[in-house]
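Structure first, commentary second.
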């Protein structure tokens, strides 16, 4: 159906603006359709719980698709894990209870924001160490350059006189 | 000389980091199970072949078993099935099936058509027990010792190579001697 719309629009040369709209319509339909087709329809009765639910499902990695949060993934295991989060929140468990539940089963990899533990320490410390190395290198370069600048400008003036 | 020392050192560091990455690339996407060395999760589920019977983790205590997570919807499980039948044939370790998020009728016809390698099959329709075991993609197999400790997890198809290299050496000597 969208194909016929685009084809008809391109034939209608007299009205470029109209054809542009006609071209964009299918795109808009696709984009709006994607927004309407929510992966996770879960609504918790309490808005505070709902907020915590959304935060947690965005923070937990889908273990199958691995670069998506369970909130965004259509995978079966993601929907099962969302169900676990929902049920635990409804049962009055804390956010940390939910995180620890997932950690015990799937390990550190499930948390998009890793906790600080012996095994994950390097994830947190490497950027700082690299920054320190960079600062040291920058300081060395700056110091080397300042040493090159003559203390007075006399040789330069001599050059001018020549 | 000194001018090149730092860039060369940084380059060497980069080489080491990338080499580690390349060496580990076959494991990409595989989540190491935090369950290894820990007690197997408790469960109590209905049996696939006998609805009146329940399969529970406590009834499995005291002996070695290999828990195999499968489903009739799982393509790799079909490829793996021949190997599972061989494991059953060898009699070295009992296979306990965990039929994950499956249709009972389809699971039964699968076993009828391809043969049943399992001593017993637990049915996990909701997938909750699978989550307790940290399952995320079938097939997965867990080797559990008589103390109920998970000693090894095979992610994906159980191949001859993995059987020889990872499972056999972990089983006690008197059991392997039978072959």
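Residue numbers (the numbering used here), protein chains in the order written: chain Y, 117 to 278; chain U, 118 to 296. Using N, Cα and C, we set each Cβ at its ideal position, and we do this for glycine too.
Checklist entry - Mind checking residue 247 (chain U): buried by the 16 CB within 10 Å criterion, or exposed? => result With a threshold of 16 other beta carbon atoms within 10 Å, residue 247 (chain U) meets it and is buried.
Checklist entry - Excluding five sequence neighbours on each side, which residues of the same chain lie with their C-beta closer than 7 Å to the C-beta of residue 227 (chain U)? => result Hits under 7 Å: 189.
Checklist entry - If the cut is a Cβ gap below 7 Å, which residues of chain Y does residue 254 (chain U) touch? => result By Cβ distance, chain Y contributes 180.
Next on the checklist: Mapping the DSSP letters down to three states, classify residue 174 (chain U) as helix, strand or coil.
Outcome noted: Three-state result, residue 174 (chain U): coil.
Item to check | Residue span of the alpha helix (DSSP H) that contains residue 216 (chain Y), given as start and end | outcome: The continuous alpha helix (DSSP H) containing residue 216 (chain Y) extends over residues 211-222.
Next on the checklist: Can you tell me where the alpha helix (DSSP H) holding residue 214 (chain U) begins and where it ends?
Outcome noted: Element bounds for residue 214 (chain U): not the alpha helix (DSSP H) but the beta strand (DSSP E), 212-217.
Checklist entry - In chain U, what lies closer than 7 Å to residue 162 (chain Y) by C-beta? => result The contacting residues do not exist; residue 162 (chain Y) stays about 24 Å from chain U at best.
Checklist entry - With distances taken between CB atoms, is the gap from residue 234 (chain U) to residue 204 (chain U) smaller than 8 Å? => result Contact: yes.
Item to check | Contact list for residue 220 (chain Y) against chain U, beta-carbon separation under 7 Å | outcome: Neighbours of residue 220 (chain Y) in chain U, taken as residues at a C-beta separation under 7 Å, are given in chain order as 151.
Next on the checklist: Quick check: is the beta carbon of residue 154 (chain U) nearer than 8 Å to any beta carbon in chain Y?
Outcome noted: No, its Cβ sits nowhere closer than 8 Å to a Cβ of chain Y.
Next on the checklist: Between residue 249 (chain U) and chain Y, is the shortest Cβ-Cβ distance under 8 Å, so that the two count as touching?
Outcome noted: The beta-carbon of residue 249 (chain U) is placed less than 8 Å from the nearest beta-carbon of chain Y.
Checklist entry - Rounded to a whole number of angstroms, what is the C-alpha to C-alpha distance between residue 201 (chain U) and residue 283 (chain U)? => result Here the alpha carbons of residue 283 (chain U) and residue 201 (chain U) stand approximately 15 Å from one another.
Next on the checklist: Quick check: the Cα distance between residue 250 (chain Y) and residue 127 (chain U), rounded to an integer number of angstroms?
Outcome noted: C-alpha of residue 250 (chain Y) to C-alpha of residue 127 (chain U): approximately 11 Å in a straight line.
Checklist entry - Start and end of the alpha helix (DSSP H) containing residue 104 (chain U)? => result Residue 104 (chain U) is absent from the structure shown; chain U starts at 118 and stops at 296.
Checklist entry - Which class does residue 252 (chain U) belong to by DSSP, given the choice of helix, strand or coil? => result Coil.
Item to check | Member of U:236, U:286, U:280 whose CA lies at the smallest distance from the CA of residue 176 (chain U) | outcome: The residue with the shortest Cα to Cα distance from residue 176 (chain U) is U:236.
Next on the checklist: Alpha carbons only, please: which of U:262, U:263, U:271, U:255 is nearest the one belonging to residue 193 (chain U)?
Outcome noted: Ranked by Cα distance from residue 193 (chain U), the options U:262, U:263, U:271, U:255 are led by U:255.
Checklist entry - Which residues does DSSP pair with residue 272 (chain U) in a beta bridge? => result According to DSSP, which records beta bridges pairwise, residue 272 (chain U) is partnered with U:257.
Checklist entry - In chain U, which residues lie less than 7 Å from residue 193 (chain Y) when you measure between Cβ atoms? => result For residue 193 (chain Y), the neighbours in chain U by C-beta distance under 7 Å run, in chain order, 253.
Checklist entry - Shorter than 8 Å from the beta carbon of residue 175 (chain Y) to some beta carbon of chain U? => result With 8 Å as the cut-off, residue 175 (chain Y) does not count as an interface residue toward chain U.
Next on the checklist: Please report the distance separating the alpha-carbon of residue 194 (chain Y) from that of residue 231 (chain U).
Outcome noted: Cα-Cα distance, rounded: 30 Å.
Checklist entry - Do you know whose CA, among Y:192, Y:232, Y:201, lies nearest residue 172 (chain Y)'s CA? => result Of the candidates Y:192, Y:232, Y:201, Y:201 places its Cα closest to the Cα of residue 172 (chain Y).
Checklist entry - Is residue 185 (chain Y) helix, strand or coil when you go by DSSP? => result The three-state secondary structure of residue 185 (chain Y), taken from DSSP, is strand.
Next on the checklist: For residue 244 (chain Y), would you say it is in contact with chain U, using Cβ-to-Cβ distances shorter than 8 Å as the test?
Outcome noted: Not closer than 8 Å to any Cβ of chain U, the Cβ of residue 244 (chain Y) fails to qualify, so no.
Item to check | Proximity test, Cβ basis, 8 Å: residue 270 (chain U) and chain Y | outcome: Residue 270 (chain U) does not count as touching chain Y.
Checklist entry - What is the DSSP secondary structure of residue 151 (chain Y), reduced to helix, strand or coil? => result Its pLDDT being 48, under 50, residue 151 (chain Y) is placed unreliably in this model, and the value from its coordinates should be taken loosely. It is helical.
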